[in-house]
Amino acid sequence: MTAGGRRLATGFTEATDSPGLLLWQVTQRWQAAQRAALRPFGLTHVQFVLLASLTWLATDGVVTQKNLADHAATDQMMTSQVLRALEAMGLVHRLPHPTDRRARALAVTPEGEALANRAVVAVEACDAAFFAALGDGVREFAGALRALRNAAG
């Protein structure tokens, strides 16, 4: 037995004192809410993130798979697999890159753009409801998340 009679050698008195555990618990609940919000659109959360990210990035010109993966902080292999699914759904196209023969340019179809714009309304409403418990602290919380993301590389 460890100090305090616990079997787990942790520095925390209570399990819920662990920020990692709390982040895990909150993330699980948030992901469940996102899945429910996206169900009517026939999209998984990662499909939505990549479709919405591509729609966002396309405003600035040619988008490659690497650009998209970097923006969404997703693994390139998973990004490729999800893009194949989105392409099969008629939501994106992978086209020859205009200047790099090794790369593919990604494009959102009109159907993909329309779906992304309908789904983002549901996702943002879901976020607003989920984070409402923070009240006026939402902006500060988002800043803390950005700091963690940036520190993690």
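For the record, in the sequence shown the residue sitting at position 80 is 80 according to the UniProt record's numbering, with numbers rising by one throughout. The beta-carbon is built from N, C-alpha and C at its ideal position, and this holds for glycine as well. All figures in this text were calculated on a predicted structure; none of them were measured in a lab.
Sheet register partners of residue i (DSSP bridge)
i, result
"Arg39", "Per DSSP, none; premise fails for Arg39."
"Arg139", "Arg139 is not bridged to any residue."
"Arg104", "Pro96"
For residue j and residue i, believed in contact at Cβ under 8 Å, the rounded distance
i, j, result
"Pro98", "Val62", "6 Å"
Residues of its chain near residue i, where Cβ-Cβ distance is below 7 Å and the 5 sequence neighbours each way are ignored
i, result
"Arg94", "Leu83, Glu87, Arg104, Leu106"
"Phe12", "Ser18"
"Gln65", "Gln76, Thr79, Ser80, Leu83, Arg104, Leu106"
"Phe130", "Trp30, Ala33"
"Arg35", "His45"
"Asn67", "Leu57"
Residue i vs residue j beta-carbon contact at 7 Å
i, j, result
"Leu91", "Thr109", "yes"
"Glu111", "Thr55", "no"
"Phe48", "Ala125", "no"
"Ala37", "Ala122", "yes"
"Leu21", "Ala15", "yes"
"Phe141", "Leu134", "yes"
"Phe57", "His71", "The sequence as given places Leu at residue 57; Phe does not occur at that position. Yes, the pair counts as a contact, with Cβ atoms nearer than the cut-off."
Cutoff 8 Å; reference residue i; Cβ partners in own chain excluding five residues on either side
i, result
"Pro96", "Arg104, Ala105"
"Leu115", "Phe41, Leu43, Leu51, Leu91"
Sequence-distant residues of its chain with Cβ nearer than 6 Å to residue i (five each side left out)
i, result
"Asn150", "none"
"Ala69", "Gln76, Thr79"
Test: residue i CB closer than 7 Å to a CB of chain C
i, result
"Lys66", "The structure shown contains no chain C, having only a single protein chain."
Item to check | Every unbroken alpha helix (DSSP H) within the segment 33-97, with a cutoff of 4 residues, ordered by chain | outcome: Positions of the alpha helix (DSSP H) runs, each at least 4 residues long and wholly inside the segment 33-97, are given as 45-57, 65-72, 76-88 in order along the chain.
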